[in-house]
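Residue numbers (UniProt numbering): 1 to 421. Note that the Cβ used here is the ideal one computed from N, Cα and C, for glycine as well. These figures come from a predicted structure and were not determined experimentally. Worksheet: the structure to be examined is printed underneath.
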Amino acid sequence: MLDHIGDIHIALPNHSAKTLMPAFDMAAQKLKSLGLIALGGAGAFSAFSFFKGDQRFFDEYLMRGVHLALNPENAHRAGVLLAKYRVLPNRNTEYSELKTEIFGKKFRNCVGLAAGFDKDGEAVQGLFDWGFGFVEVGSVTPESQPGNDKPRVFRLRGDQGIINRYGFNSDGHDAVLDNVTRDMNLPAGGRLGFNLGKNKTSDDAAADYCRGIAKFGKKADYIVINISSPNTPGLRALQSKRELEQLLTKVISVRDELGLRVPVLLKIAPDLLEQDKKDIAEVIQSRGSRVDGLIISNTTVSRPATLTSENKSETGGLSGRPLRGLSTLAISDMYILTGGRVPIIGVGGIFSGEDAYEKIKAGASMVQIYSSIVYRGPPIVETIKKELVQCLKEDGYNHVSDAVGSDHRMDALVSKLIQIR
Ligand SMILES: Cc1cc2nc3c(=O)[nH]c(=O)nc-3n(C[C@H](O)[C@H](O)[C@H](O)COP(=O)(O)O)c2cc1C
């Protein structure tokens with residue numbers, strides 16, 4: 001007989017029309033239920049892995065999905081909102097090995113958030129939930145400014161890097177101070193830094209930084225003079241000896257005149273020549289222009305030959321894995337040039353505890369991350385802390401401070417041994 005389903009005519013044996021159709025219906029119903037159960041299961045699994053902060057889930061599924069669904073700037077915004085509305089539970093684990101004291105301040109751990117993620121200080125509280133020991137807000141400019149035209153952030157997925165040319169988009173000092181003051185319930189030992197930039201149209205850089213000192217000096221656990229971002233014309237020239245000396249002398253004298261005791265740190269580029277590094281080491285240890293620490297490093301304008309991603313020729317600063325070696329080298333050089341007397345915060349391409357350990361052995365007292373959050377999500381903070389503790393234990397260190405600059409102690413020992421033989 002012929003049975004009629006819509007416009008399609010199917011020949012079926014005589015007995016089958018009445019008996020098979022309910023069977024098809026039942027099978028279809030079962031499939032639908034199974035599909036729903038599978039979808040529900042996958043949803044529940046994803047939600048569980050998301051809230052649990054499962055690193056593999058973030059590495060292999062979630063961050064890939066985010067990169068497919070959102071352009072880099074929108075994904076960045078989504079990350080800030082995730083922290084702002086404290087969607088993730090507080091995952092901070094305390095490790096006695098990672099508690100740190102530098103420039104007279106105690107930090108609950110030595111892994112911090114680098115500048116540029118929470119530019120306007122909207123999400124500080126939530127970022128501490130991710131496990132950071134300190135959060136650096138900014139760069140903040142005195143007046144609000146929009147930054148460069150979009151698109152201005154690019155992923156280099158194959159290289160695990162990022163190129164950005166945001167150009168200091170900032171809500172300005174007043175708005176940022178308001179945001180942070182509203183959200184000022186910091187966890188014990190959670191420290192807050194303010195990273196200062198200058199307005200694009202300002203022709204008095206020193207005045208811009210001094211305004212920042214006056215504005216944030218009371219709230220900040222430390223303040224960063226950022227003269228190393230590659231996306232503001234003329235900024236990096238402030239790293240040259242004479243300009244740096246003049247700038248820091250003004251900044252330090254304003255801090256002292258205002259009776260503020262806030263530590264002032266200088267953030268430098270990874271692309272400096274040997275002589276630039278020597279000059280900086282001299283200036284930052286001289287009376288009148290002495291700073292309390294260095295942040296090494298900002299993004300690089302260089303493009304390593306190893307890059308494979310199609311975005312590699314975009315203009316801007318490169319961060320992430322391709323920056324790792326360059327920034328570690330700069331840390332090492334500055335540690336030697338300052339005789340280990342100036343505390344260093346190491347940043348650039350840290351994706352694991354081992355990467356953090358490499359920076360610490362090169363001379364960093366603490367570390368910061370940014371790009372690894374883009375590729376590995378918020379759980380990376382706890383992953384790095386856990387792995388770093390493991391690295392310290394394997395080398396017989398009880399505390400992170402014991403490992404700071406250990407590469408150089410080793411070098412000195414080896415050269416002594418060679419001399420003895
Ligand atoms: C999208 C983006 C924006 C950034 N914005 C700033 C900034 O405003 N001020 C600053 O001092 N550094 C900024 N940085 C540099 C980071 O703070 C950090 O020094 C650099 O990215 C190296 O660390 P990473 O390899 O872990 O990302 C930015 C980095 C990225 C990726």
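Practice task
Determine the DSSP secondary structure at Leu156, reduced to helix, strand or coil.
Solution key: As a first step, residue 156 must be located in the sequence shown, where it is residue number 156. In the three-state scheme derived from DSSP, where H, G and I count as helix and E and B as strand, Leu156 is classed as strand.
Exercise for the section: Please classify Met334: is it buried, with 16 or more other beta-carbons within 10 angstroms of its beta-carbon, or exposed? Expected result: Counting from one through the sequence shown, the residue named residue 334 turns up at place 334. Looking at its Cβ environment, which holds 16 or more other Cβ atoms inside 10 Å, Met334 is buried.
Exercise for the section: Work out the CA separation of Arg242 and Gly189 for me, nearest whole Å. Expected result: Counted from its first residue, the sequence shown places residue 189 at position 189. Counted from its first residue, the sequence shown places residue 242 at position 242. Rounded to whole angstroms, Gly189 to Arg242 spans 37 Å at the Cα level.
Practice task
With DSSP collapsed to three states, give me the class of Glu73.
Solution key: To locate residue 73, count along the sequence shown from 1; it is residue 73. Looking at Glu73 - three-state DSSP - the assignment turns out to be helix.
Exercise for the section: Run the proximity test for Ser319: is its beta-carbon closer than 6 Å to any non-hydrogen atom belonging to ligand 1? Expected result: As a working mapping, residue 319 is identified with position 319 in the sequence shown. Answer for Ser319: yes, Cβ within range of ligand 1.
Practice task
Could you check the C-alpha separation between Gly43 and Leu36 for me, to the nearest Å?
Solution key: Taking the sequence shown and counting its residues from 1, one reaches residue 43 at position 43. Taking the sequence shown and counting its residues from 1, one reaches residue 36 at position 36. The straight-line gap from Cα to Cα measures roughly 10 Å.
Problem - Buried/exposed call for Cys228, threshold 16 Cβ in 10 Å - result: Counting from one through the sequence shown, the residue named residue 228 turns up at place 228. Note that residue 228 is Ser in the sequence shown here, rather than Cys. Per the 10 Å Cβ criterion, buried.
Handout entry: beta strand (DSSP E) segment containing Thr100, residue limits
Key = For this step, residue 100 is matched to residue 100 along the sequence shown. Taken as a continuous stretch (DSSP letters only), the beta strand (DSSP E) holding Thr100 covers 100-102.
Problem - Residues near Met63 in its chain [Cβ-Cβ closer than 7 Å; skip 5 each side] - result: Sequence index remark: in the sequence shown, residue 63 carries index 63 (1-based). Excluding its 5 nearest sequence neighbours in each direction, Met63 has C-beta neighbours in its own chain below 7 Å: Tyr375, Arg376, Gly377, listed in chain order.
Practice task
Grab the span of the alpha helix (DSSP H) containing Asn179 for me, first residue to last.
Solution key: The residue labelled residue 179 in the question sits at position 179 within the sequence shown. 173-182 is the span of the alpha helix (DSSP H), which, as asked, contains Asn179.
Problem - Residue span of the alpha helix (DSSP H) that contains Gly212, given as start and end - result: Counted from its first residue, the sequence shown places residue 212 at position 212. Taken as a continuous stretch (DSSP letters only), the alpha helix (DSSP H) holding Gly212 covers 205-216.
Problem - DSSP state of Phe132 mapped onto helix, strand, coil - result: Along the sequence shown, read from residue 1 onward, the residue named residue 132 stands at position 132. It is coil, neither helix nor strand.
Practice task
Quick one: using the 10 Å Cβ neighbour count with 16 as the cut-off for buried, is Tyr166 buried or exposed?
Solution key: Working through the sequence shown from its first residue, we reach residue 166 at position 166. Burial call: buried.
Problem - C-alpha distance - Glu60 paired with Pro89, whole-angstrom precision - result: Walking along the sequence shown from the start, residue 60 turns up at place 60. Walking along the sequence shown from the start, residue 89 turns up at place 89. Rounded to the nearest angstrom, the two C-alpha atoms are 21 Å apart.
Handout entry: Range of the contiguous beta strand (DSSP E) that encloses Tyr335
Key = By 1-based counting over the sequence shown, the position of residue 335 is 335. Where Tyr335 is concerned, there is no enclosing beta strand (DSSP E), although the alpha helix (DSSP H) it sits in stretches over 324-337.
Practice task
Verify whether the separation of the beta carbon atoms of Gly363 and Ile331 is less than 7 Å.
Solution key: Sequence index remark: in the sequence shown, residue 363 carries index 363 (1-based). Sequence index remark: in the sequence shown, residue 331 carries index 331 (1-based). Contact: yes.
Exercise for the section: Compute the Euclidean distance between the alpha carbons of Lys312 and Phe168, then round it to the nearest angstrom. Expected result: As a working note, residue 312 is residue 312 in the sequence shown. As a working note, residue 168 is residue 168 in the sequence shown. About 21 Å.
Problem - Cβ contact (3+ pairs, closer than 8 Å) linking the region 345-353 and the region 386-401 - result: yes
Handout entry: Range covered by the alpha helix (DSSP H) that runs through Gly353
Key = Counted from its first residue, the sequence shown places residue 353 at position 353. For Gly353, the enclosing alpha helix (DSSP H) stretches over residues 353-362.
Exercise for the section: Drop a sphere of 10 angstroms on the beta-carbon of Ile418, count the other beta-carbons inside from all chains shown, and report buried for 16 or more, exposed for fewer. Expected result: The sequence position of residue 418 within the sequence shown is 418, counting from 1. Classification for Ile418: exposed.
Practice task
Put Leu192 into one of helix, strand or coil per three-state DSSP.
Solution key: Here residue 192 refers to the residue found at position 192 when the sequence shown is read from its first residue. Here Leu192 sits in strand by DSSP.
Exercise for the section: Keeping to the same chain, check which residues put their C-beta closer than 7 Å to that of His76; ignore five residues upstream and five downstream. Expected result: Locating residue 76 in the sequence shown gives position 76, where the first residue counts as 1. Only residues of its own chain outside the window of five on either side were considered, and among them Val153 have a CB closer than 7 Å to the CB of His76, listed in chain order.
Practice task
Count the other CB atoms, across all protein chains shown, that sit within 10 Å of the CB of Ala403; report buried if there are 16 or more and exposed otherwise.
Solution key: As a position in the sequence shown, residue 403 is number 403, starting the count at 1. Ala403 should be labelled buried.
Exercise for the section: Assuming Val367 and Cys110 form a contact by the criterion Cβ under 8 Å, report the distance between their Cβ atoms to the nearest whole angstrom. Expected result: Within the sequence shown, numbered from 1, the residue matching residue 367 stands at position 367. Within the sequence shown, numbered from 1, the residue matching residue 110 stands at position 110. Confirmed, Cβ separation roughly 6 Å.
Exercise for the section: With a 10 Å radius around its C-beta and 16 neighbouring C-beta atoms as the bar for buried, classify His9 as buried or exposed. Expected result: Reading the sequence shown from its first residue, position 9 is the one you call residue 9. With a pLDDT of 45 at His9, under the threshold of 50, the modelled position of that residue is not reliable, and the figure given next carries that caveat. The residue in question, His9, is exposed, as its Cβ has fewer than 16 Cβ neighbours within 10 Å.
Practice task
Look at the Cβ atom of Gly138, then the Cβ atom of Asn195, and state whether they are nearer than 7 Å.
Solution key: Counting from 1 along the sequence shown, the entry for residue 138 is found at position 138. Counting from 1 along the sequence shown, the entry for residue 195 is found at position 195. In this structure, Gly138 sits near Asn195, with a CB-CB distance shorter than 7 Å.
Practice task
Can you have a look at Thr201 and say buried or exposed, based on whether 16 or more other CB atoms are within 10 angstroms of its CB?
Solution key: The residue you call residue 201 lines up with position 201 of the sequence shown. With fewer than 16 Cβ atoms within 10 Å of its Cβ, Thr201 is classed as exposed.
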